[in-house]
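J.: Just so you know, the sequences run in chain order A and B.
Just so it is clear: in the first sequence, position 61 is 61 by the numbering used here, and no numbers are missing.
All you need for the numbering used here is the position in the second sequence, starting with 1, plus 1000.
Glycine included, each C-beta is placed from N, C-alpha and C at the ideal position.
I have a structure I would like to understand better, so I am pasting it below and will then ask my questions one at a time.
Number of protein chains: 2
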Amino acid sequence: MSRSPDIRIVVDAMGGDKAPEHIVEGAVDAFRESSGRFTLVLVGQEERVRAVMNKLAVPSGERWAEGFLVVDAPEVIEMDEPPNTALKAKRKSSIAVGLTLQKEGKADAFLSAGNTGAVLSASTLILGRLKGVARPTIGALFPTAGSPCFVTDAGANVDCKPRHLYEFGVMGSLYVSSLVGKKNPSIGLLSVGEEATKGNEVTLAAGELFRRSSLNFVGNVEGRDILSGRIDVVVCDGFVGNILLKFGESVPGFLKSRLKQYAESGFLKKIRLGMAQGGLRQVMRNLDYQEHGGVPLLGVNGVSIIGHGGSTPKAIKNMIYRAEEMVRWKLNLKIEEAMGEAV
Amino acid sequence: MSRSPDIRIVVDAMGGDKAPEHIVEGAVDAFRESSGRFTLVLVGQEERVRAVMNKLAVPSGERWAEGFLVVDAPEVIEMDEPPNTALKAKRKSSIAVGLTLQKEGKADAFLSAGNTGAVLSASTLILGRLKGVARPTIGALFPTAGSPCFVTDAGANVDCKPRHLYEFGVMGSLYVSSLVGKKNPSIGLLSVGEEATKGNEVTLAAGELFRRSSLNFVGNVEGRDILSGRIDVVVCDGFVGNILLKFGESVPGFLKSRLKQYAESGFLKKIRLGMAQGGLRQVMRNLDYQEHGGVPLLGVNGVSIIGHGGSTPKAIKNMIYRAEEMVRWKLNLKIEEAMGEAV
């Protein structure tokens, strides 16, 4: 693919448990692999970012000088700072500076593995919301035996009204449609039983909205349906979604510790398990959400991708590719169109 | 242990996907093993129940004739019937007849693997609530590397007020205290972050109640803490709890299907995984909630144990032992006392 200097991706170099090291490394890898499909703009404390670049021996040729940029942002929002206080106090944080570049038309996408709450708030505040969207949402991709299941909202909105859940379904459907190339992905409303009469006050009313819509709504789904591969998009509030996501993330560690206990109960058991290690590792990796490389905040007037604080350089690289896709898909135009039709 | 004819446990012979066969079989096994520690009363369509007993060659001696009874209940509430309609229409269902025996003082405990909603409603309606309890709750035991984590509510109450969550914590704490013999079990409030400021409207207010109490409240916990073994009791509303429980139950099946896909990708892989099968099976079994043999409905004026519809005879047997324990613990006295002190 030839150079498209029109795609400019801002990377929050200071966001993440191992920032700026892992972030810069992932960005360098992505830029190296991508043969000039996009420009990367690393935003953060310039000296520290350049120090990592030097350590990684970033070339000084024209391609890198023009396509791999650094913009200084002297302030850093730490992972555990209260988002809103931090955003007010640190106007020159990498998050604020990075998103402002996009707001001003100087970039097309922003990504961060930093303070999730701060990225969410700043994205909505600085980029604004798309027409017809009351609540931007982040989702999470859960593995299945088939294509992944997109659970939305995954933590951006803990208290939701029925209309918000409906919006999540519309946006999630369009996202998954682009992601896996599927027309009319199936949408399920996460509840405590399949019957339309089962649910809490909010989901019962949201179910009505979905049934009135032209979406491919399959009705209520249950916790067990997420990993089944039967449903493309599962809608819930961010309280439920966040708890599920974190529970799911903890399963591989739990299984590993149980397998270890088992292996330690006998030498032969240890040998037998050792033989299967490759397979186990591969299957566990399916549950490793980091591999997916971040999730987009859907519904903001721009592209903002949020990654796990513990993102590895590989995860950062995947986030950059995800950001590139999001820009190419022009998903926001489709979301505004769908919201115009919304019930 | 000698015969205590004072413990009489009612078994819903018609509840469960494989009722009455699996239920009667489990009851026969429990009675055989228990050397007369309790009397079992099987409630259901007498002819069908006796037919299964004949097939299982139940002895006709004095011990069985006096300790293994059948009470006729001509009507059956099916697994998928709307609970409240079914309870109104079928006054002579095994659920209604069985619970009424307890209400009338003719039995000490009831257990069913039948229609969960119907058992919940009927238990509260027929047995009544304990003093100070607004919402009886069912919990679920999640496996951990250490002792299990009791998540309550697991589906009985989908819309909750802060006070209800607080009650779940009080009752769950007393239950776990008896179950694993631990004083002051740790209680966590399930939320989207550990900070006291994180949560939805209901959990934020519930956190205040817990902090004011004398319970061993550790604050907010996240989805990842459930399997960690750090927390004894995790409190949430029944919407979240039910979704988590069903998600957790689906994990072994998901992993099995992924391991199968992996094994099919090469002969050597298949051999290697085959070697480890015993260990895998044992670890997966930890995630098999059925093994635990049902969960009690806490807060009703009596003992009511609810099991999975797919309960095997072994699960039914475990439910009977659990019912026996519940009667011996006199948990309800402790709950009423704690509620008297409650904030």
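1. By the criterion of Cβ-Cβ separation under 8 angstroms, what are the contact partners of L190(A) in chain B?
2. Given that D1159(B) touches chain A, what residues does it touch there, using C-beta distances under 7 angstroms?
3. Along the chain, where does the alpha helix (DSSP H) that runs through A1109(B) open and close?
4. What three-state label does DSSP hand N1301(B) in the structure shown?
5. So with Cβ pairs under 8 angstroms, would you call E81(A) a contact of chain B?
6. In angstroms, rounded to a whole number, what distance separates the CA positions of V1058(B) and V1071(B)?
7. Using 8 angstroms as the limit for Cβ to Cβ distance, is V1251(B) near chain A?
8. Measuring straight from C-alpha to C-alpha, what distance separates T1197(B) and L1204(B)?
9. For T85(A), count neighbouring Cβ atoms within 10 angstroms of its own Cβ and tell me buried if that reaches 16, exposed if not.
10. For chain B, check one thing: does any of its Cβ atoms lie closer than 8 angstroms to the Cβ of F239(A)?
11. By how many angstroms is the C-alpha of G16(A) removed from the C-alpha of G310(A)?
12. Cβ closer than 7 angstroms: which chain B residues qualify as neighbours of Q282(A)?
13. For A1145(B), decide whether its Cβ has a neighbour in chain A, counting only Cβ atoms nearer than 8 angstroms.
14. Hey, how far is the Cα of F1150(B) from the Cα of E46(A)?
15. First and last residue of the alpha helix (DSSP H) that includes L101(A)?
16. Are there 16 or more other CB atoms within 10 angstroms of the CB of I1305(B), so buried, or fewer, so exposed?
17. For L1268(B), does the count of other Cβ atoms within 10 angstroms reach 16, so buried, or fall short, so exposed?
18. Are the C-beta of E222(A) and some C-beta of chain C separated by less than 8 angstroms?
19. Do you know how far the Cα of G1207(B) is from the Cα of L1189(B)?
20. Determine the burial state of L259(A): buried for a count of at least 16 other Cβ atoms within 10 Å of its Cβ, exposed for fewer.
21. Using three-state DSSP, classify T1124(B) as helix, strand or coil.
22. What do you reckon, are the CB atoms on T1144(B) and G1229(B) nearer than 8 angstroms?
23. The beta strand (DSSP E) that contains D1012(B), what's its start and end?
24. Three or more C-beta pairs closer than 8 angstroms, one from the region 334-341 of chain A and one from the region 1022-1038 of chain B: is that the case here?
25. When the cut-off is 8 angstroms and only beta carbons count, does L1259(B) lie next to chain A?
26. Does the beta-carbon distance from I1126(B) to K1103(B) come in below 8 angstroms?
27. If you measure beta-carbon to beta-carbon, which residues of the region 1089-1110 of chain B are closer than 9 angstroms to chain A?
28. Would you report the Cα separation of K1055(B) and K1018(B), rounded to the nearest angstrom?
29. Does any residue of chain B have a CB that is nearer than 8 angstroms to the CB of F217(A)?
30. Taking C-beta pairs closer than 9 angstroms, name the residues in chain B that S228(A) reaches, listed in chain order.
31. With 16 other CB atoms within 10 Å as the buried threshold, where does N1200(B) fall?
32. Specify, as a first and last residue, the run of the beta strand (DSSP E) that D80(A) falls within.
33. Report the partner residues of I1306(B) according to the DSSP bridge assignment.
34. In the DSSP assignment, what residue or residues form a beta bridge with V1235(B)?
35. Would you mind telling me which residues of chain B sit closer than 8 angstroms to K269(A), beta carbon to beta carbon, in chain order?
36. Should G155(A) be flagged as near chain B, meaning a C-beta pair shorter than 8 angstroms?
T.: Based on what the coordinates show:
1. Residues of chain B passing the Cβ test: I1243.
2. The contacting residues are N200, E201.
3. No alpha helix (DSSP H) holds A1109(B); the beta strand (DSSP E) holding it covers 1109-1112.
4. Reduced to three states, the DSSP call for N1301(B) is coil.
5. Judged by the 8 angstroms Cβ criterion, E81(A) is not in contact with chain B.
6. If you take the alpha carbons of V1058(B) and V1071(B), they lie about 16 angstroms apart.
7. Cβ-Cβ to chain A under 8 angstroms: yes for V1251(B).
8. Taken atom to atom, the span from the alpha-carbon of T1197(B) to that of L1204(B) is near 7 angstroms.
9. Around the beta carbon of T85(A), a 10 Å sphere encloses fewer than 16 other beta carbons of the protein chains shown; the residue is thus reported as exposed.
10. For F239(A), the nearest CB of chain B lies under 8 angstroms from its own CB, placing it at the interface with that chain.
11. If you take the alpha carbons of G310(A) and G16(A), they lie about 6 angstroms apart.
12. Those are Y1262, listed as they occur along chain B.
13. A1145(B) counts as touching chain A.
14. When rounded, the distance between both Cα atoms is 49 angstroms.
15. Membership of L101(A) in the alpha helix (DSSP H) is indicated by the continuous run 94-103.
16. It is buried - the Cβ of I1305(B) has at least 16 other Cβ atoms within 10 Å.
17. Label assigned to L1268(B): exposed.
18. Going by chain labels, chain C is absent from the structure shown, which instead holds the protein chains A and B.
19. Near 7 angstroms, if we compare the C-alpha coordinates of G1207(B) and L1189(B).
20. Result: buried.
21. Three-state DSSP puts T1124(B) in a helix.
22. With a cutoff of 8 angstroms on beta-carbon distance, T1144(B) and G1229(B) are scored as near each other.
23. Counting along the chain, the beta strand (DSSP E) containing D1012(B) begins and ends at 1008-1012.
24. Not touching, per the Cβ criterion.
25. So, interface residue.
26. Against a cut-off of 8 angstroms, the Cβ pair of K1103(B) and I1126(B) comes out as a contact.
27. Taken residue by residue, none of the region 1089-1110 of chain B has a beta-carbon sitting less than 9 angstroms from a beta-carbon on chain A.
28. Put simply, the backbone Cα of K1055(B) is about 15 angstroms away from that of K1018(B).
29. Not one chain B Cβ lies under 8 angstroms of F217(A).
30. Under the 9 angstroms cutoff, chain B gives S1250, G1253, F1254.
31. Per the 10 Å Cβ criterion, buried.
32. D80(A) -> no beta strand (DSSP E), and no H or E assigned at all.
33. DSSP lists S1112(B), V1295(B) as partners of I1306(B).
34. Beta-bridge pairing by DSSP links V1235(B) to T1152(B), L1189(B).
35. Within 8 angstroms Cβ-Cβ: G1278, G1279.
36. Closer than 8 angstroms to some Cβ of chain B, the Cβ of G155(A) qualifies, so yes.
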